[in-house]
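S.K.: Each residue of the sequence shown is one higher than the one before, counting from 44 in the working numbering.
The beta-carbon is built from N, C-alpha and C at its ideal position, and this holds for glycine as well.
Quantities reported herein were computed from a predicted structural model and do not represent experimental measurements.
Supplied in structure tokens, the structure appears directly below.
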Amino acid sequence: MQPRILEVRRNILKKNDEIAHSLREVFTERGVLVINIVSSPGAGKTELLARVMRDLREAGLSVAAVVGDLATENDATRLAESGCPAHQILTGGMCHLEADMVGKAVEAFDLETTDVLFIENVGNLVCPQGYDLGEDLRVLLFPCTEGEDKPLKYPTLINTCDLVVFSKMDIAVAVEFDIPLARRNCEGARPGVAMLETSARSGAGVSELVGLIRDRWEAKRGERTGAERAGTAEISRPESHRGVGSLRRVVAPPPEVPGSSG
Ligand SMILES: Nc1nc2c(ncn2[C@@H]2O[C@H](COP(=O)(O)OP(=O)(O)OP(=O)(O)O)[C@@H](O)[C@H]2O)c(=O)[nH]1
Ligand SMILES: [Mg+2]
């Protein structure tokens with residue numbers, strides 16, 4: 044029995060990789076920077092993301108998000124409060140997002156006019172690891188409330204991420220979080236990995252994160268310009284992007300309040 048299970052799993056991952064590869068080409072051609080946010084449930088992905096999206100929008104970028112959950116449209120509603128469109132994917136019981144779900148969900152957005160697309164993955168520290176979503180950056184959140192040893196206990200995700208964000212740092216002292224130890228554990232699990240400390244509540248670290256994303260977006264836009272100059276920008280989307288994952292309505296941002304900075 045075991046070899047057959049492995050074979051089926053290998054085929055699923057291979058199919059996902061093919062779709063993710065096509066998606067990445069589309070995103071690159073359109074100049075969209077794509078960021079996949081992963082963490083355990085409740086690590087603070089939505090709260091941090093809503094704040095970052097609002098700041099990027101106020102800086103003049105066009106931002107959109109897709110968010111995966113097993114149930115409810117709560118997170119899309121919260122993300123839309125940033126003033127940016129957000130799209131809920133209901134995974135039908137699956138504990139991670141797959142590339143075909145993302146490919147179908149982004150049909151709701153005009154990628155030509157989108158600068159940055161965030162993908163908030165289902166809260167899970169294990170399963171999202173093997174599923175490429177066509178992203179440029181994979182950001183892993185470790186909240187200070189979960190202990191310093193998580194980078195050592197969950198080595199697979201940290202080995203595929205580009206940035207570790209220690210979240211909820213406004214309460215680090217209260218929960219006696221040992222940040223030097225947590226940093227050493229990350230370094231032990233993944234030598235050289237970039238790390239940042241943030242709080243969506245106090246705003247600490249948010250401008251650094253926004254700056255990092257803007258720098259990466261400018262680099263990505265440069266890649267697009269280069270492709271256009273070389274005449275290689277025409278890439279069509281394959282049929283295979285139409286896949287599983289129930290597509291929910293886009294939650295429209297609330298109306299702008301005149302004179303308010305958001
Ligand atoms: N003190 C503090 N609490 C936070 C912070 N960010 C999020 N929270 C709280 O932590 C809880 C979970 O936050 P979410 O943003 O929903 O976490 P999530 O990772 O999106 O959760 P799932 O999508 O369900 O996996 C909520 O009660 C938030 O208000 C923070 O920076 N500081
Ligand atoms: Mg969330």
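Name the residue from E219, D98, C187, E261 whose alpha carbon lies nearest to the alpha carbon of A86.
M.R.: Cα-wise, what sits closest to A86 is C187.
S.K.: Distance, Cα to Cα, E61 vs A151?
M.R.: Going from the Cα of E61 to the Cα of A151 covers about 22 angstroms.
S.K.: By the three-class DSSP mapping on this structure, what secondary structure does E266 have?
M.R.: Note: E266 maps to helix in three-state DSSP.
S.K.: Does the stretch 163–170 come close enough to the stretch 71–89 that 3 or more CB-CB pairs lie under 8 angstroms?
M.R.: They touch, by the three-pair rule.
S.K.: Mind checking which residues open and close the beta strand (DSSP E) that includes N79?
M.R.: N79 -> beta strand (DSSP E) spans 76–81.
S.K.: In angstroms with no decimal places, state the Cα-to-Cα distance between G173 and I201.
M.R.: Cα-Cα distance, rounded: 12 angstroms.
S.K.: Contact defined as beta carbons within less than 8 angstroms: I believe D98 pairs with V208. What is the distance between those atoms, to the nearest angstrom?
M.R.: Contact flag wrong, Cβ pair sits at about 15 angstroms.
S.K.: If the criterion is Cβ atoms closer than 8 angstroms, does the pair L92 and L122 meet it?
M.R.: Going by C-beta atoms, L92 is nearer than 8 angstroms to L122.
S.K.: Between which two residues does the beta strand (DSSP E) containing A307 stretch?
M.R.: Absent from the model: residue 307. The displayed extent of the chain is 44 to 305, so no value can be given.
S.K.: Where are the beta strand (DSSP E) runs, 3 residues long or more, that stay fully inside the stretch 138–167, in chain order?
M.R.: The stretch 138–167 contains these whole beta strand (DSSP E) runs: 159–163.
S.K.: Compare the Cα-Cα distances from S227 to each of N54, L183, L195, R67 and report the closest residue.
M.R.: For clarity, residue 227 is Arg in the given sequence; the question names Ser instead. Ranking N54, L183, L195, R67 by Cα distance to R227 puts L195 first.
S.K.: Give a single yes or no on whether E116 has its beta carbon closer than 7 angstroms to a heavy atom of ligand 2.
M.R.: Checking the Cβ of E116 against ligand 2 gives no.
S.K.: Going by the beta-carbon positions, is the gap between L113 and G146 smaller than 8 angstroms?
M.R.: No. Outside cutoff.
S.K.: Mind checking G302: buried by the 16 CB within 10 Å criterion, or exposed?
M.R.: Only weak support exists for where G302 lies, its pLDDT of 42 falling under 50; the coordinates are left without a value.
S.K.: Within the present structure, is the beta-carbon of K88 separated from the nearest heavy atom of ligand 2 by less than 7 angstroms?
M.R.: Yes, since a heavy atom of ligand 2 falls inside the 7 angstroms radius drawn around the Cβ of K88.
S.K.: If A119 and Q131 are in contact, beta carbons under 8 angstroms, what's the gap, nearest whole angstrom?
M.R.: Sure, about 4 angstroms apart at Cβ, within 8 angstroms.
S.K.: In terms of residue numbering, what span does the beta strand (DSSP E) encompassing E240 cover?
M.R.: First-last of the beta strand (DSSP E) with E240: 237–240.
S.K.: Assuming contact is defined by CB atoms lying nearer than 8 angstroms, are V177 and F70 in contact in what I supplied?
M.R.: The amino acid at residue 177 is misidentified as Val; the sequence shows Gly. In contact: G177 and F70 (Cβ atoms closer than 8 angstroms).
S.K.: Bridge partners of Q131, per DSSP?
M.R.: In DSSP, Q131 forms a bridge with V110.
S.K.: Roughly how many angstroms separate the alpha carbons of K88 and E50, rounded to a whole number?
M.R.: Rounded to the nearest angstrom, the two C-alpha atoms are 33 angstroms apart.
S.K.: Assign R181 to one of three DSSP states: helix, strand, or coil.
M.R.: It is a strand residue.
S.K.: Here's the rule: buried if 16 or more other CB atoms are within 10 angstroms of the residue's CB, otherwise exposed. What is N59?
M.R.: It counts as buried.
S.K.: So does S125 have its beta carbon nearer than 7 angstroms to some heavy atom of ligand 1?
M.R.: It does not: the Cβ of S125 is nowhere closer than 7 angstroms to a heavy atom of ligand 1.
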